[in-house]
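Peer 1: Before anything else, here's the structure in question.
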Amino acid sequence: MKPFIGIDITENKKNEKFNGEEFIVKTVSQLQMQTFENAQEDAFGLVEESKIPLPLRIIQGVCGVAGVLCLSGIIRAWSDITLSQCYQNAPWLFWVCGTCLVTWAILKILSVKKQKETLNTDTGENVVRKLESVSKSIYSDLDVPETAETVDILAFTYKMKDGEPKAKEAGLNPTPYINVEFKAFIENDNLILADLENKYAFPLSSLKAIHKVNKNISVPGWNKEENPKKGKYKEYKLGVDDYGCVHFKPYYILEVLHNGESWGVYFPSYELTAFTELTGLTPQE
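Numbering-wise, this note's numbering comes out as the position in the sequence shown, counting from 1, plus 24.
Now the structure itself:
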């Protein structure tokens, strides 16, 4: 299946073009795009300003990984001997573990404090309000109803192998997958997916199946307001690593037949309910 919003680098490693232009039914104006990009740049600048310095972020990441590894070693040893014997055999392991975990915790507290101090200013609130206002205007121009479901769809670079797309990491990205936010709703017997640039339409008659892929993958961040380990997302047993990547298993592919070609809309496990309700399809193994 050809991945919707996938990037095929089989023949051209420098390709940056997303699949799916065939499904576009409406695009925002150039002026709207420029306004949104300006607001987005301001938001990105605010996010960077809210972070602790890069050297401290590196130290935080290293200490987090080292602390967890040391703690795992202590727990494994503890299963065979007493904790006091563990300490007598390798006291350095306990000190390294404690130092790393305490350092990580201190830097985490400083990081959260810096974020709050930056984002809760008048400037920060104005940047957020402007981005929200521009986004709302774009969705209105694309005729996206306020009741539309907000869903994550998986975008990724890939190479074709034995007739199947194989996801490939691009550059220094920790994972080949990106969870891109779309608005999803039904309009005139079409499944509509709209981002802040285009509106895509998939006739309901072209939707053939939802396929379950029992594989563990990850995305580099989290788009939802609710914690990934709480509330309605708790049942999906999502994992979050020290770098903020969200891990899940399985993921799903909505199969679409378009002009004799099979397409796939890839989405995370935690969006299954939304897609089953929108399409009326149930997942297949």
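Using N, Cα and C, we set each Cβ at its ideal position, and we do this for glycine too.
1) When we look at the beta-carbon of L215 and count the other beta-carbons within 10 Å, is it buried (16 or more) or exposed?
2) For the stretch 219 to 229 and the stretch 44 to 54, state whether three or more C-beta atom pairs, one from each stretch, are separated by less than 8 angstroms.
3) Unbroken beta strand (DSSP E) runs of length 3 or more, entirely within the stretch 128 to 190: which are they?
4) Go ahead and pull the three-state DSSP assignment for D265.
5) What are the start and end residues of each continuous alpha helix (DSSP H) run of 4 or more residues lying completely inside the stretch 49 to 84, in chain order?
6) Just the C-alpha distance for F180 and D266, rounded to the nearest angstrom, thanks.
7) Around the C-beta of W119, are 16 or more other C-beta atoms found within 10 angstroms, so that it is buried, or is it exposed?
8) Assuming I277 contacts V243 (C-beta within less than 8 angstroms), just tell me the rounded distance between them.
9) Going by DSSP in three states, L220 sits in which element: helix, strand or coil?
10) Does DSSP classify A114 as helix, strand or coil?
11) What is the rounded straight-line gap between the Cα of S293 and the Cα of K248?
12) To the nearest angstrom, report how far apart E188 and W102 are at their CA atoms.
13) Mapping the DSSP letters down to three states, classify A296 as helix, strand or coil.
14) Starting from F28 and walking both ways along the beta strand (DSSP E), at which residues does that stretch end?
15) If I measure Cβ to Cβ from Y111 and keep anything under 6 angstroms in the same chain, skipping five residues before and after, which residues do I get?
16) In the DSSP assignment, what are the bridge partners of K207?
17) On the DSSP letters alone, give me the boundaries of the beta strand (DSSP E) that E279 sits inside.
18) By a C-beta neighbour count over all protein chains shown, 10 Å radius and 16 as the cutoff for buried, is Q84 buried or exposed?
19) From the DSSP output, which residues share a beta bridge with G288?
20) In the DSSP assignment, find the beta strand (DSSP E) that holds S228 and state where it starts and stops.
21) What are the residues that DSSP puts in a beta bridge with Y201?
22) How far does the beta strand (DSSP E) with F47 in it reach, from first residue to last?
23) Measuring CB atoms only, is the stretch 123 to 143 touching the stretch 66 to 78, in the sense that at least three cross pairs come out at less than 8 angstroms?
24) Where does E295 land, buried or exposed, given buried means 16+ other C-beta within 10 angstroms?
25) Across which residues does DSSP place D32 in a beta bridge pair?
26) In whole angstroms, what separates the C-alpha of G284 from that of L228?
27) Which partner residues of S242 appear in the DSSP bridge assignment?
Peer 2: Judging by the given coordinates:
1) Within the sequence shown, residue 215 is the residue found at index 191, counting from 1. So L215 ends up on the buried side.
2) Yes, the stretch 219 to 229 touches the stretch 44 to 54.
3) Qualifying beta strand (DSSP E) stretches, in chain order: 173 to 185.
4) Residue 265 sits at position 241 when you count from the first residue of the sequence shown. Coil.
5) 54 to 73
6) Stepping through the sequence shown from its first residue, residue 180 is reached at position 156. Stepping through the sequence shown from its first residue, residue 266 is reached at position 242. In a straight line, the C-alpha of F180 is about 22 angstroms away from that of D266.
7) Here the question's residue 119 lines up with position 95 in the sequence shown. The residue in question, W119, is exposed, as its Cβ has fewer than 16 Cβ neighbours within 10 Å.
8) Translated into the one-based positions of the sequence shown, residue 277 becomes position 253. Translated into the one-based positions of the sequence shown, residue 243 becomes position 219. Not quite, the Cβ-Cβ distance comes to about 16 angstroms (not below 8 angstroms), so this is no contact.
9) For this step, residue 220 is matched to residue 196 along the sequence shown. Assigned with DSSP and collapsed to three states, L220 falls in coil, not helix or strand.
10) Within the sequence shown, the letter at position 90 stands for residue 114. Under the three-state reduction of DSSP output, A114 falls in the coil class, being neither helix nor strand.
11) Reading the sequence shown from its first residue, position 269 is the one you call residue 293. Reading the sequence shown from its first residue, position 224 is the one you call residue 248. Their Cα atoms are separated by approximately 14 angstroms.
12) Against the sequence shown, residue 188 aligns to sequence position 164. Against the sequence shown, residue 102 aligns to sequence position 78. Their backbone Cα atoms lie some 46 angstroms apart in a straight line.
13) Numbered from its first residue, the sequence shown carries residue 296 at position 272. Reading off the sequence shown, one finds Leu at residue 296, where the question assumed Ala. Here L296 sits in helix by DSSP.
14) As a position in the sequence shown, residue 28 is number 4, starting the count at 1. Neither: F28 is in no beta strand (DSSP E) and is coded neither H nor E.
15) Taking the first residue of the sequence shown as position 1, residue 111 is located at position 87. Result list for Y111: F118, in chain order.
16) Indexing the sequence shown from 1 puts residue 207 at position 183. As a beta-bridge residue in DSSP terms, K207 pairs with T174, A218.
17) Taking the first residue of the sequence shown as 1, we reach residue 279 at position 255. Residues 275 to 282.
18) Here the question's residue 84 lines up with position 60 in the sequence shown. Burial call: buried.
19) Your numbering for residue 288 matches position 264 in the sequence shown. For G288, which the question treats as bridged, DSSP gives the partners P27, E279.
20) The residue given as residue 228 occupies position 204 in the sequence shown. Per the sequence shown, the amino acid found at residue 228 is Leu instead of Ser. Taken as a continuous stretch (DSSP letters only), L228 belongs to no beta strand (DSSP E), as it is neither H nor E.
21) For the purposes of this step, residue 201 is taken as residue 177 along the sequence shown, with counting starting at 1. Y201 pairs with F180.
22) Mapped onto the sequence shown, residue 47 falls at position 23. Careful: F47 lies outside any beta strand (DSSP E) and carries neither H nor E.
23) yes
24) For this step, residue 295 is matched to residue 271 along the sequence shown. Residue environment for E295: buried (at least 16 other C-beta atoms within 10 angstroms of its C-beta).
25) Locating residue 32 in the sequence shown gives position 8, counting from the first residue. Y182, per the DSSP bridge assignment.
26) Taking the first residue of the sequence shown as position 1, residue 284 is located at position 260. Taking the first residue of the sequence shown as position 1, residue 228 is located at position 204. Straight across, the Cα-Cα distance linking G284 with L228 is about 15 angstroms.
27) Position 218 of the sequence shown, counted from the first residue, corresponds to residue 242. In DSSP, S242 forms a bridge with H271.
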